[in-house]
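K.L.:
Just passing along the structure, written as structure tokens.
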Amino acid sequence: MNSLNTARAGAREWWALAVLTLAVTLLAVDGTVLALAVPALSDSLDATSTQILWIGDIYSFALAGLLVTMGNLADRVGRKRLLLIGAVGFGLSSVLAAFSTTPEMLIAARMLLGVSGATVMPSTLALIRAIFFDSKQRTRAIAVWSAGATGGAALGPLVGGALLENYWWGSVFLINIPVMILVVVLGIFLIPESRNPERAPIDLLSALLAFAAIVPLVYAIKTAVKDGLTVGFAVALVVGLISGFVFVRRQRRLEYPLIDVSLFARPAFTGSVIANSVAIFALSGLFFFFSQYLQLVRGFSPLVAGLAELPATIAAVVAVVAVGWAVSHFGRGMAIGWALLMTSVGMAGLAIAEQLPTYIWLAIALAVVAGGISIAATIAVDTVVSVVPRERAGAASSISETAYELGIALGIAVLGSILNAVYRNTVSVPTDLGTAEQDAVAESLAGATQTLGDRFPEALDAAQHAFTGAMQVTALVAAGILAIVGVFAMKVIPHSNNSEEAKH
0 MNSLNTARAG
10 AREWWALAVL
20 TLAVTLLAVD
30 GTVLALAVPA
40 LSDSLDATST
50 QILWIGDIYS
60 FALAGLLVTM
70 GNLADRVGRK
80 RLLLIGAVGF
90 GLSSVLAAFS
100 TTPEMLIAAR
110 MLLGVSGATV
120 MPSTLALIRA
130 IFFDSKQRTR
140 AIAVWSAGAT
150 GGAALGPLVG
160 GALLENYWWG
170 SVFLINIPVM
180 ILVVVLGIFL
190 IPESRNPERA
200 PIDLLSALLA
210 FAAIVPLVYA
220 IKTAVKDGLT
230 VGFAVALVVG
240 LISGFVFVRR
250 QRRLEYPLID
260 VSLFARPAFT
270 GSVIANSVAI
280 FALSGLFFFF
290 SQYLQLVRGF
300 SPLVAGLAEL
310 PATIAAVVAV
320 VAVGWAVSHF
330 GRGMAIGWAL
340 LMTSVGMAGL
350 AIAEQLPTYI
360 WLAIALAVVA
370 GGISIAATIA
380 VDTVVSVVPR
390 ERAGAASSIS
400 ETAYELGIAL
410 GIAVLGSILN
420 AVYRNTVSVP
430 TDLGTAEQDA
440 VAESLAGATQ
450 TLGDRFPEAL
460 DAAQHAFTGA
470 MQVTALVAAG
480 ILAIVGVFAM
490 KVIPHSNNSE
500 EAKH
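Reminder that position 62 of the sequence shown reads as 61 in numbering that gives the first Met the number 0, one-by-one numbering, no gaps.
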């Protein structure tokens with residue numbers, strides 16, 4: 000590894016970046032690859048819509064709850080070591096998920112995948128910060144990393160579609176194994192070890208408080224959207240808020256805090272973390288349910304549905320090229336803000352296109368959404384990493400990754416709950432069905448498709464229209480949130496395109 004702060008990276012460092020990007024791409028793919036498999040696994044495992052939501056977001060809940068702790072652990076024991084351990088665990092958990100026989104078993108396997116992923120994610124970004132000393136090269140490296148994260152989320156449905164066209168739903172997990180083997184083998188030789196020289200101790204109580212704050216709060220939001228202000232919502236909210244309050248107070252008193260809360264006094268840091276979280280919030284919520292729309296409403300096969308989402312993948316990767324131009328012309332804050340506003344327009348366009356018969360408008364809207372998110376997320380991550388001291392890279396990276404994973408979890412939970420609520424309130428259930436069949440139709444479009452089939456074509460058509468309307472409402476809600484945060488980013492994040500100036 001380079002020894003001087005001014006040293007420029009060579010071939011070994013760029014190959015190490017390729018391995019790190021491969022790891023984060025796979026983790027991002029795993030966050031969305033399941034979307035296309037929902038109809039198949041719902042039928043195979045007889046899963047309810049609530050179980051489907053938990054299968055989708057328990058992965059991100061576990062990741063978000065543990066990332067801060069794992070980022071600090073990586074600083075202490077070694078970022079490379081923890082990344083390789085996590086990669087092995089991820090591969091083993093994938094086998095368990097692939098051969099799950101019940102919804103509960105799959106939920107547990109997805110949780111283990113999240114735990115393993117939490118040991119990998121913060122190390123990838125922290126190692127980039129430690130490997131690339133030259134600021135311009137580091138920005139370029141983070142752009143590549145961000146393209147892997149954003150493009151991976153968009154690539155998930157395509158990978159899932161190709162696998163589901165020929166294999167059973169568990170194949171979407173088995174694809175993880177050869178990739179993780181490659182990451183481990185190449186990582187051993189190419190990635191340099193990196194750790195915080197202070198070897199600061201990890202406060203276990205802070206780690207428990209962080210988990211006790213994040214997961215209940217996410218659960219409370221999910222419950223409120225789905226069921227209203229229930230007792231479960233109130234309990235989760237109180238537990239999360241109290242844990243969060245105690246956590247923040249404790250961090251202010253510790254010599255070696257789990258999270259340096261003083262970082263949030265920097266507008267560039269705070270604004271970028273929020274922007275990154277909201278951007279991936281919209282993307283993950285969109286893809287998890289858009290894949291169901293393509294298959295169950297448009298009638299696409301899994302492979303065709305994956306190909307239909309390819310414009311988003313291409314746009315997410317290509318848009319990274321525009322990052323440097325956007326920052327130099329607008330500055331960081333304005334570039335992130337305009338990118339989020341662009342995403343908002345694309346999301347609104349998607350709501351309109353879902354009602355139109357031709358596919359081309361869907362493709363255009365998808366490209367606009369993914370391109371805007373890619374630009375916003377890349378600049379936001381680069382800003383977060385650039386404004387922290389090098390020795391706290393792991394902890395700061397874990398904050399950024401926690402925001403990313405919270406965005407995924409909330410995107411699926413909140414937007415998914417909104418979609419389900421609108422669908423249930425608008426779908427017409429045939430009265431001549433049995434109670435169990437009526438519940439299946441009202442539960443989800445997947446249940447309606449299985450129950451109604453060819454017996455009740457008019458009722459199935461009405462259910463598809465109800466689901467499309469719910470998708471449109473959900474897309475417009477996401478568009479509104481993106482627009483608000485876009486304006487927020489313009490106001491809060493400094494417009495300077497210099498990362499050193501952005502520190503102040």
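We put the CB at the ideal spot given by N, CA and C, even for glycine.
Roughly how many angstroms separate the alpha carbons of Val317 and Ala146, rounded to a whole number?
P.N.:
When rounded, the distance between both Cα atoms is 9 Å.
K.L.:
In whole angstroms, what separates the C-alpha of Gly370 from that of Ile492?
P.N.:
Each residue's alpha carbon lies about 20 Å from the other.
K.L.:
In the DSSP assignment, find the alpha helix (DSSP H) that holds Val237 and state where it starts and stops.
P.N.:
Val230 to Arg252 is the extent of the alpha helix (DSSP H) around Val237.
K.L.:
Using 8 Å as the Cβ pair cut-off and three pairs as the minimum, do the region 59-71 and the region 165-178 touch?
P.N.:
Because the criterion of three Cβ pairs below 8 Å is not met, the region 59-71 and the region 165-178 do not touch.
K.L.:
How is Tyr292 classed by DSSP in three states: helix, strand or coil?
P.N.:
In the structure shown, Tyr292 sits in a helix (DSSP, three-state: H, G or I).
K.L.:
Counting only runs that start and end within the region 315-396, where is the alpha helix (DSSP H) found for 4 or more residues in a row?
P.N.:
Whole alpha helix (DSSP H) segments, 4+ residues: 322-329, 331-352 and 359-385.
K.L.:
Since Gly151 and Val296 should fall inside the 8 Å C-beta cutoff, what is the C-beta to C-beta distance between them, to a whole number of angstroms?
P.N.:
That belief does not hold up - the Cβ atoms of Gly151 and Val296 are roughly 26 Å apart, past 8 Å.
K.L.:
When burial is assigned at 16 or more other CB atoms within 10 Å of the CB, is Val320 buried or exposed?
P.N.:
Per the 10 Å Cβ criterion, exposed.
K.L.:
For Tyr292, I'd like the list of residues in its chain whose CB is within less than 8 Å of its CB, leaving aside the five on either flank, ordered along the chain.
P.N.:
If we look at Tyr292 and ignore the five residues flanking it on each side, its Cβ neighbours are Glu353, Phe466, Thr467 and Met470.
K.L.:
Cβ atoms of Val272 and Val383: under 8 Å apart, would you say?
P.N.:
Yes; because the gap between Cβ atoms is below 8 Å, this pair is in contact.
K.L.:
With a CB to CB cut of under 6 Å and the five nearest residues on each side skipped, what residues in its chain are close to Val32?
P.N.:
Contacts found: Gly155, Val158, Gly159 and Val171.
K.L.:
If we ignore side chains and look at the alpha-carbon of each, how far apart do Thr448 and Asn275 end up?
P.N.:
Each residue's Cα considered, the two are about 36 Å apart.
K.L.:
On the three-state DSSP scale, how would you describe Pro256?
P.N.:
Three-state result, Pro256: coil.
K.L.:
Could you give the DSSP three-state label for Asn424: helix, strand or coil?
P.N.:
The answer is helix: DSSP assigns Asn424 an H, G or I state.
K.L.:
Relative to the C-alpha of Glu308, which candidate in Ser115, Ser343 and Leu361 has its C-alpha closest?
P.N.:
Residue Leu361 is the option with its Cα nearest to Glu308.
K.L.:
Compare the C-alpha of Ala364 against each of Ala281, Ala107, Pro456 and Pro310 and name the closest.
P.N.:
For Ala364, the nearest C-alpha among the options comes from Pro310.
K.L.:
Going by beta-carbon coordinates alone, are Ala161 and Leu52 separated by less than 8 Å?
P.N.:
Against a cut-off of 8 Å, the Cβ pair of Leu52 and Ala161 comes out as no contact.
K.L.:
Which one of Leu82, Pro102 and Arg80 has the shortest CA to CA distance from Ser43?
P.N.:
Selected option, being the one with the closest Cα: Pro102.
K.L.:
Mapping the DSSP letters down to three states, classify Asp226 as helix, strand or coil.
P.N.:
Note: Asp226 maps to helix in three-state DSSP.
K.L.:
Would you check if the distance between the CB atom of Leu262 and the CB atom of Ala488 is smaller than 8 Å?
P.N.:
No, they are not a contact pair.
K.L.:
Residue range of the alpha helix (DSSP H) that Val114 falls in?
P.N.:
It spans Pro102 to Ile130 - the alpha helix (DSSP H) in which Val114 sits, taken as one unbroken run.
K.L.:
Let's test the definition: count the other Cβ atoms within 10 Å of the Cβ of Phe244 and tell me whether it reaches 16, buried, or not, exposed.
P.N.:
Classification for Phe244: exposed.
K.L.:
Cβ of Gly77 within 7 Å of any heavy atom in the ligand PLP?
P.N.:
Among the components of this structure there are no ligands whatsoever, and the ligand PLP is therefore not found.
K.L.:
Nearest CA to the CA of Arg75: which residue from Ser193, Leu459, Ala211 and Ala140?
P.N.:
The option with the nearest alpha carbon to Arg75 is Ser193.
K.L.:
For the alpha helix (DSSP H) that Thr47 lies in, which residues bound it at each end?
P.N.:
Thr47 -> no alpha helix (DSSP H), and no H or E assigned at all.
K.L.:
Is Ile417 helix, strand or coil when you go by DSSP?
P.N.:
Correct three-state label for Ile417: helix.
K.L.:
Using a Cβ distance threshold of 8 Å, determine whether the region 251-259 contacts the region 471-482, with at least three qualifying pairs required.
P.N.:
They do not touch, by the three-pair rule.
K.L.:
Determine the extent of the alpha helix (DSSP H) in which Arg80 is found, giving its start and end residues.
P.N.:
Arg78 to Ala97 is the span of the alpha helix (DSSP H), which, as asked, contains Arg80.
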